[in-house]
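Below you'll find the structure, written out as structure tokens, and then a few comments.
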Amino acid sequence: MIIGKVISKVVSTRKHESLQGHKFLVIQPCYGKSDEYFVAADNIGAGEGELVLVTLGDAAQHALTRQAPIDAIVVGIIDQEPNIGKN
Amino acid sequence: MIIGKVISKVVSTRKHESLQGHKFLVIQPCYGKSDEYFVAADNIGAGEGELVLVTLGDAAQHALTRQAPIDAIVVGIIDQEPNIGKN
Amino acid sequence: MIIGKVISKVVSTRKHESLQGHKFLVIQPCYGKSDEYFVAADNIGAGEGELVLVTLGDAAQHALTRQAPIDAIVVGIIDQEPNIGKN
Amino acid sequence: MIIGKVISKVVSTRKHESLQGHKFLVIQPCYGKSDEYFVAADNIGAGEGELVLVTLGDAAQHALTRQAPIDAIVVGIIDQEPNIGKN
Amino acid sequence: MIIGKVISKVVSTRKHESLQGHKFLVIQPCYGKSDEYFVAADNIGAGEGELVLVTLGDAAQHALTRQAPIDAIVVGIIDQEPNIGKN
Numbered sequence: 001m002i003i004g005k006v007i008s009k010v011v012s013t014r015k016h017e018s019l020q021g022h023k024f025l026v027i028q029p030c031y032g033k034s035d036e037y038f039v040a041a042d043n044i045g046a047g048e049g050e051l052v053l054v055t056l057g058d059a060a061q062h063a064l065t066r067q068a069p070i071d072a073i074v075v076g077i078i079d080q081e082p083n084i085g086k087n
Numbered sequence: 088m089i090i091g092k093v094i095s096k097v098v099s100t101r102k103h104e105s106l107q108g109h110k111f112l113v114i115q116p117c118y119g120k121s122d123e124y125f126v127a128a129d130n131i132g133a134g135e136g137e138l139v140l141v142t143l144g145d146a147a148q149h150a151l152t153r154q155a156p157i158d159a160i161v162v163g164i165i166d167q168e169p170n171i172g173k174n
Numbered sequence: 175m176i177i178g179k180v181i182s183k184v185v186s187t188r189k190h191e192s193l194q195g196h197k198f199l200v201i202q203p204c205y206g207k208s209d210e211y212f213v214a215a216d217n218i219g220a221g222e223g224e225l226v227l228v229t230l231g232d233a234a235q236h237a238l239t240r241q242a243p244i245d246a247i248v249v250g251i252i253d254q255e256p257n258i259g260k261n
Numbered sequence: 262m263i264i265g266k267v268i269s270k271v272v273s274t275r276k277h278e279s280l281q282g283h284k285f286l287v288i289q290p291c292y293g294k295s296d297e298y299f300v301a302a303d304n305i306g307a308g309e310g311e312l313v314l315v316t317l318g319d320a321a322q323h324a325l326t327r328q329a330p331i332d333a334i335v336v337g338i339i340d341q342e343p344n345i346g347k348n
Numbered sequence: 349m350i351i352g353k354v355i356s357k358v359v360s361t362r363k364h365e366s367l368q369g370h371k372f373l374v375i376q377p378c379y380g381k382s383d384e385y386f387v388a389a390d391n392i393g394a395g396e397g398e399l400v401l402v403t404l405g406d407a408a409q410h411a412l413t414r415q416a417p418i419d420a421i422v423v424g425i426i427d428q429e430p431n432i433g434k435n
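Chains as they are written, first to last, in this note's numbering: chain U, 1 to 87; chain R, 88 to 174; chain W, 175 to 261; chain E, 262 to 348; chain V, 349 to 435.
In structure tokens, the structure reads:
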């Protein structure tokens, strides 16, 4: 999983039917390639600016109640930024 | 998922039989490695220049009606480029 | 698998129910992109500062007793840093 | 999928039994990390110098008639290099 | 698959039970990110300094007789370094 910051919502009117009802967020990775913004589904209710734990790849399916073409999903809200000894 | 821009179509006459009938597009990632153009299937009807949401990896199978060797697929058209505070 | 160093714990009170009971650690890759800290589940009991073997992607499921949205898991403690001829 | 150029064959006499009968090619990615040569199986008959469409990851299994430890496979020959506006 | 060079063995006394009996090797990628050493299982008997073909991700499971949290496995020994026109 990676830790990222919620930047904004993504609005997509025309999308695959299985994605209806999902909320999508632009996430900025906190460590490393911080310019590689990506999009994750969110069923937890993360808000902009919050630090979240994001599961990538096929494992994201295990956070869904029904299979969908989703390769990244918010699985947790981070209580406090971890101390990595560099901040 | 990542957000990318549709650049052009890909024409491949000789291809795996399970890919017949699929449309393939060259996609440019909007964030980060913008020179890493890749190819995604598209069943939604995205047009050149449009911003799209692309699902990568095995999750792409869930946007197909029949399994195929496709590792990236357009799953949505983005209404408006997200505000990431840098543009 | 990759070799990484355990940096700290991750605390997430609000998380997907299937993640309850798992411990999560921030891991720093030992080789290459050492600033790309990521998060792995740990059921082995790795301590901060230890070098661990981490399995990434869908294969991580095979270290779980129940499927969960976990894409990285500690699968071993490294006895001694391998000699790669550069340290 | 990515677009790559066929560079050469790979000869491996000692290999996993399930790989017997497969042809393997060194592929150079056309876009982005062009020094990250990798190896793909090829059942289509791509020749050296040709541009090919390569499926990566678990989706590659769907181009095989029998499961094998293959994570990249040539799924098409590109008729003409796409116009990405940079060449 | 990628081509890598076998650098050394990895010793891990405390590891997931399903990894018992597997041999693990540190592999250095031959092309591109040559500092991103990683660890692969090896059931073929590759020796240090040999060039090997490594399967990454979920496809590695197809080289195992029993599922395990292994995301990289040596599937072949390369007879001769491919001629990529740069060496």
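Beta carbons: idealized from backbone N, C-alpha and C, even for Gly.
Query                                                                                                                  : Result
Any chain V beta carbon closer than 7 Å to residue 246 (chain W)                                                       : no
Three CB pairs or more closer than 8 Å across the region 55-70 of chain U and the region 129-145 of chain R            : yes
Beta-ladder partner(s) of residue 333 (chain E), from DSSP                                                             : E:317
is_contact[residue 87 (chain U), chain R] using C-beta, thresh 7 Å                                                     : In this predicted model, residue 87 (chain U) has a pLDDT of only 44, less than 50, meaning its place in the structure is not dependable enough to derive any value.
Which listed residue (E:278, E:273, E:262, E:263) has its alpha carbon closest to that of residue 328 (chain E)        : E:278
Contacts of residue 7 (chain U) in chain R (Cβ-Cβ under 9 Å)                                                           : 169, 170, 171, 172
Neighbour flag for residue 368 (chain V) against chain W, beta carbons, 7 Å                                            : no
Top-ranked residue by Cα proximity to residue 428 (chain V), from E:262, E:266, E:275                                  : E:275
Neighbour flag for residue 327 (chain E) against chain V, beta carbons, 7 Å                                            : no
Terminal residues of the beta strand (DSSP E) in which residue 218 (chain W) lies                                      : First-last for residue 218 (chain W): undefined, no H or E at that position.
N- and C-terminal bounds of the beta strand (DSSP E) containing residue 84 (chain U)                                   : Neither: residue 84 (chain U) is in no beta strand (DSSP E) and is coded neither H nor E.
Inter-residue Cα distance where the pair is residue 118 (chain R) and residue 108 (chain R)                            : 30 Å
Residues in the region 34-55 of chain U having any Cβ partner in chain R nearer than 7 Å                               : 35, 36, 37, 38, 39
Stretch-stretch touch, CB-based, cutoff 8 Å, three pairs: the region 62-78 of chain U with the region 32-47 of chain U : yes
Terminal residues of the beta strand (DSSP E) in which residue 269 (chain E) lies                                      : 263-270
Within chain W, partners of residue 408 (chain V) - CB distance below 8 Å                                              : 233
Cβ distance (whole Å) where residue 12 (chain U) is taken to contact residue 89 (chain R) below 8 Å                    : Not confirmed; about 13 Å, so no contact.
Buried/exposed call for residue 129 (chain R), threshold 16 Cβ in 10 Å                                                 : buried
Residue 65 (chain U) versus W:243, W:212, W:210, residue with shortest Cα-Cα distance                                  : W:243
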